[in-house]
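Single-structure report; data block below.
Residue numbers (the working numbering): 1468 to 1739.
Set out below in structure tokens:
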């Protein structure tokens, strides 16, 4: 899923319903044209993730399930690995190449990695998310899901990096930590003078930071600790990200409508 699509889904999740004009207004200052926003909303609607009622966009059951699928991947790090592997095997005809590529991309984003061409593997079962993707792309005829153990040819730690590019992802976490630390320092030094920290500018900063971090999280398969290096930086990056977003969110409290785009807020109960 493209970053803009994911952002829009999470914004709708927080606010529950958002109009096209609001999205256009939000992303205009993020460098995305009206047409890009409209095309993205149209694509999300075509995929069945959102629906429109009374001029506002809402999540469908499929959209809610998609977000829950990503959350399931993020929460898997709290689960002890049972030693079993989960395989998705497929042979999709060349004439459906675009669907095959989209399916491979989705498998990667929910934590599966390519063991062989047409065989993806994951140490945790993310079956519900895989089934959602199979249904979305109409691939029932060409996909099989298998759970089990290796009788021969165990996946070694050295192969883990070949399958999931762990070192490359960890390097991105390092760079993100440097970025957030610089922003936290900048925020602290300017804390006494927030004249330029309008709610709107603050919202854009949160969206920008979320986009960068979100892209890394999509690449991260959230593997068991047995397969991760000792210096794995995901949790440090995540803690710093939430620390700075919490700082910025404090500046949004004067505008609950903007705050509700990035965190769940009861607008009916809020006065603004």
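No residue lacks a Cβ here, since even glycine has one placed at the ideal position from N, Cα and C.
Please state whether DSSP places residue i in a helix, a strand or coil.
| i | result |
| --- | --- |
| residue 1518 | strand |
| residue 1593 | coil |
| residue 1721 | coil |
| residue 1580 | strand |
| residue 1623 | coil |
| residue 1616 | coil |
| residue 1699 | coil |
| residue 1499 | coil |
| residue 1575 | helix |
| residue 1689 | coil |
| residue 1678 | helix |
| residue 1549 | coil |
| residue 1606 | coil |
| residue 1492 | helix |
| residue 1711 | helix |
| residue 1669 | helix |
| residue 1729 | coil |
With a CB to CB cut of under 8 Å and the five nearest residues on each side skipped, what residues in its chain are close to residue i?
| i | result |
| --- | --- |
| residue 1594 | 1553 and 1612 |
| residue 1529 | 1514, 1515, 1516, 1599 and 1603 |
| residue 1675 | 1497 |
| residue 1712 | 1673, 1676, 1677 and 1729 |
| residue 1505 | 1487 and 1491 |
| residue 1651 | 1707, 1710, 1711 and 1714 |
Between residue i and residue j, what straight-line distance do the alpha-carbon atoms span, to the nearest angstrom?
| i | j | result |
| --- | --- | --- |
| residue 1509 | residue 1707 | 34 Å |
| residue 1622 | residue 1560 | 28 Å |
| residue 1630 | residue 1656 | 42 Å |
| residue 1527 | residue 1489 | 19 Å |
| residue 1576 | residue 1687 | 8 Å |
| residue 1567 | residue 1666 | 42 Å |
| residue 1654 | residue 1704 | 17 Å |
| residue 1719 | residue 1668 | 10 Å |
| residue 1525 | residue 1716 | 24 Å |
| residue 1589 | residue 1721 | 44 Å |
| residue 1494 | residue 1647 | 22 Å |
| residue 1536 | residue 1679 | 20 Å |
| residue 1503 | residue 1518 | 18 Å |
| residue 1620 | residue 1643 | 35 Å |
| residue 1610 | residue 1546 | 27 Å |
Between which residues of its own chain and residue i is the CB-CB distance below 7 Å, once the five residues before and five after are set aside?
| i | result |
| --- | --- |
| residue 1551 | 1614, 1615 and 1616 |
| residue 1699 | 1637 |
| residue 1473 | 1681 |
| residue 1481 | 1727, 1728, 1729, 1730 and 1731 |
| residue 1737 | Because residue 1737 sits at a pLDDT of 46, beneath the cut-off of 50, its placement in the model cannot be relied upon, and the following sentence gives the value as read from the coordinates. The answer, listed in chain order, is 1723. |
| residue 1624 | 1694 |
| residue 1479 | 1485, 1517, 1524, 1525 and 1526 |
Going by alpha carbons, who is nearest to residue i out of the options?
| i | options | result |
| --- | --- | --- |
| residue 1520 | 1582, 1555 and 1486 | 1486 |
| residue 1632 | 1579, 1654, 1674 and 1619 | 1579 |
| residue 1690 | 1470, 1584, 1571 and 1628 | 1628 |
| residue 1634 | 1670, 1701 and 1498 | 1701 |
| residue 1573 | 1618, 1533, 1727 and 1524 | 1533 |
| residue 1606 | 1640, 1564, 1625 and 1590 | 1564 |
| residue 1671 | 1728, 1535 and 1695 | 1728 |
| residue 1548 | 1709, 1480 and 1694 | 1694 |
| residue 1582 | 1626, 1558 and 1721 | 1626 |
| residue 1541 | 1592, 1502, 1522 and 1714 | 1592 |
| residue 1499 | 1585, 1620, 1471 and 1683 | 1471 |
| residue 1596 | 1571, 1584, 1585 and 1620 | 1571 |
Which residues does DSSP pair with residue i in a beta bridge?
| i | result |
| --- | --- |
| residue 1766 | Outside the displayed range of the chain (1468 to 1739) lies residue 1766, so it cannot be described from this structure. |
| residue 1525 | 1518 |
| residue 1485 | 1524 |
Leaving out the 5 sequence neighbours to the left and right, which residues in its chain are closer than 6 Å to residue i when beta-carbon positions are compared?
| i | result |
| --- | --- |
| residue 1483 | none |
| residue 1685 | 1576 |
Can you find a C-beta in chain D that's less than 7 Å from the C-beta of residue i?
| i | result |
| --- | --- |
| residue 1505 | Judged by its chain identifiers, the structure shown contains no chain D, having just a single protein chain. |
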